[in-house]
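In full-length UniProt numbering, the protein residues as written are 1 to 467.
Note that beta-carbon positions come from the ideal geometry of N, C-alpha and C, so glycine has one too.
Bear in mind the structure is a predicted one, so any value in this text is a computation, not a measurement.
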């Protein structure tokens, strides 16, 4: 009989193969397109995983995943992360470059398998990213005796102290375990803060320090409980606003070495950007319906700004005969899991969501992102939100498209800022009928699908409703 741990590892391996951003099977050309500013790095980058001082069991896990050579961030960061008494790390790396595998390997390398107590903690902004990071860890640790505990909002707190060596979860879930005295951080030697800009986001005004959001406060508390003299802290994110970087340097991870990418290198070079002027909300919805035919060639995600907008758009599309899925913060945990599972399994092809899924949600088959609402949420960096949204397409250097519906003067102003920030020149589409849009966009989607070796198909929409 196969043990539950082995079954978990095998399941995790399949989930990682089917959609985790730590995949490194990129062509050398595409890998070289990631430009890192790394003047502090003095050790020679690793050309092969075998060049790194990783234990044999971890190399087995890498081989099992069919990963061949390290991605640039792995090649440059891991030699520094695997040395004894490694410096803290602040790493800014574009989505899909393998940052998850980088911190997981560094974390697993430091764990003593004989100690049945938490030694590594991974703090993530969302439940979905927590589960994904746990999957990667289980897959890479499958030939070791290291086990993983995933702290989720619906996790039942027992009376027994957590004995798994790796604990992954969102700040609130982790604090719940700490307050219940079942999570002991005294032996933690590695702390990873993933999507660190969300974890330690600061208010726009006032002195340096975390914002008053519960996530920021809980993250700061968790870090304060660690033995800072012996705990190695790694912060990873695709973007690091200046205030967050300053806070990270002063408080969360003092004296780090840094890997950074300039803003202009965060342009997602494999994404084709499009904009469609929409003079009225009703015209905007008609355009959305017309886009459906092209969106069903592969997988697509529609982003809106609020939960209410997401629900309204989903209901409108369903009423008009277009099959899609819905996920946002008010959807039950069970339903969120079901929706994500069916989307990953390609049983559904169009997903309506909010910025809940704009980070760390990795499905390689996603070739199209539609910004039904241009990012415009108070307290968020609009350009960063756009970057993370569009990053859901074109994963691992594959082609993808981002369609932006511009419906107001505010949309125009925000989108102009986004274009200037990332030096992108979107193609303006003036086509208005389903057939015109289909013929215009099809070559771009087919290019993305050719990379995925998928045949066109999916949910054939009902006849396009007339306005």
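1. For residue 182, which residues from the same chain have a beta carbon less than 8 angstroms from its beta carbon, with the 5 sequence-adjacent residues on both sides left out?
2. Go through its chain and collect everything with a Cβ distance to residue 278's Cβ below 7 angstroms, but skip five positions before and after it.
3. With which residues is residue 169 paired in a DSSP beta bridge?
4. To which residues of the same chain is residue 304 closer than 8 angstroms at the C-beta, ignoring the five residues directly before and after it?
5. Measuring alpha carbon to alpha carbon, tell me which of 413, 423 and 402 ends up nearest residue 429.
6. Answer with buried or exposed for residue 367, where buried requires no fewer than 16 other C-beta atoms within 10 angstroms of its C-beta.
7. Does the separation of the CB atoms of residue 106 and residue 91 fall below 8 angstroms?
8. What does the Cβ neighbour count give for residue 246, buried or exposed, with the cut at 16 atoms within 10 Å?
9. Is the stretch 53-60 close to the stretch 222-239, with three or more CB pairs under 8 angstroms?
10. Can you tell me where the alpha helix (DSSP H) holding residue 72 begins and where it ends?
11. Compare the C-alpha of residue 172 against each of 52, 122 and 411 and name the closest.
12. What residue does the alpha helix (DSSP H) around residue 103 start on, and which one ends it?
13. Can you tell me whether residue 410 is buried or exposed, with buried defined as 16 or more other CB within 10 angstroms of its CB?
14. Give me the Cα-Cα distance between residue 274 and residue 370, rounded to the nearest whole angstrom.
15. What are the boundary residues of the alpha helix (DSSP H) that includes residue 342?
16. Does residue 311 have its Cβ less than 8 angstroms from a Cβ in chain B?
17. Considering residue 57, what are the terminal residues of the alpha helix (DSSP H) in which it resides?
18. Can you tell me the Cα-Cα spacing of residue 49 and residue 418, whole angstroms?
19. Using the three-state DSSP reduction, which class does residue 186 fall into: helix, strand or coil?
20. Quick check on the DSSP output: what are the complete alpha helix (DSSP H) runs of length 4 or more inside the stretch 263-329, in order along the chain?
21. Have a look at residue 140 and residue 117 and give me their C-alpha separation to the nearest angstrom.
22. Note down the Cα distance separating residue 42 from residue 302, rounded to an integer number of angstroms.
23. Could you check if residue 180 is buried or exposed, using at least 16 other CB atoms within 10 Å of its CB as the buried criterion?
24. Within 10 angstroms of its Cβ, does residue 133 collect 16 or more other Cβ (buried), or is it exposed?
25. Which residue or residues does DSSP assign as beta-bridge partners of residue 405?
26. If I follow the unbroken beta strand (DSSP E) through residue 89, where does it start and stop?
27. Mind checking who residue 391 pairs with in its DSSP beta bridge?
28. What's the gap between the Cα of residue 130 and the Cα of residue 104?
29. Quick check on the burial criterion: 16 or more other C-beta atoms within 10 angstroms. Buried or exposed for residue 239?
30. Is the CB-CB distance between residue 97 and residue 271 below 8 angstroms?
31. To the nearest angstrom, how far is the alpha carbon of residue 235 from that of residue 282?
32. Under a three-way DSSP split, which group does residue 443 fall into?
33. So the candidates are 237, 185, 334 and 148; which of them puts its Cα closest to the Cα of residue 494?
34. Leaving out five residues before and five after residue 53 in sequence, what residues of the same chain have Cβ atoms less than 7 angstroms from its Cβ?
35. With a 10 Å radius around its C-beta and 16 neighbouring C-beta atoms as the bar for buried, classify residue 188 as buried or exposed.
36. Going straight from the alpha carbon of residue 338 to that of residue 243, what length do you get?
A quick look at the data gives this:
1. Cβ-Cβ distances below 8 angstroms link residue 182 to 157, 158, 159, 160, 161 and 162 in the same chain, with the five nearest sequence neighbours on each side left out; the list follows chain order.
2. 284, 287, 405, 406 and 407
3. 123 and 151
4. 310, 313, 352, 353, 354, 372 and 373
5. 402
6. Looking at its Cβ environment, which holds 16 or more other Cβ atoms inside 10 Å, residue 367 is buried.
7. no
8. exposed
9. no
10. 72-81
11. Ranking the options by Cα distance to residue 172, first place goes to 122.
12. 99-109
13. By the Cβ neighbour-count rule, residue 410 is exposed, with fewer than 16 other Cβ atoms within 10 Å of its own.
14. Approximately 9 angstroms, taken between the alpha carbons.
15. 333-344
16. Among the chains of the structure shown, chain B does not appear; only one protein chain is present.
17. 56-64
18. If you take the alpha carbons of residue 49 and residue 418, they lie about 37 angstroms apart.
19. coil
20. 281-295 and 307-319
21. 19 angstroms
22. Each residue's Cα considered, the two are about 43 angstroms apart.
23. Exposed is the call here.
24. buried
25. 276
26. 88-92
27. Answer is none; residue 391 lacks a bridge partner.
28. Approximately 13 angstroms, taken between the alpha carbons.
29. buried
30. Between residue 97 and residue 271, the C-beta gap is not smaller than 8 angstroms, which leaves the two residues out of contact.
31. 43 angstroms
32. helix
33. Residue 494 lies beyond the residue range present for the chain, which begins at 1 and ends at 467; the question has no answer from this structure.
34. 82
35. Burial call: buried.
36. Roughly 37 angstroms between the two C-alpha positions.
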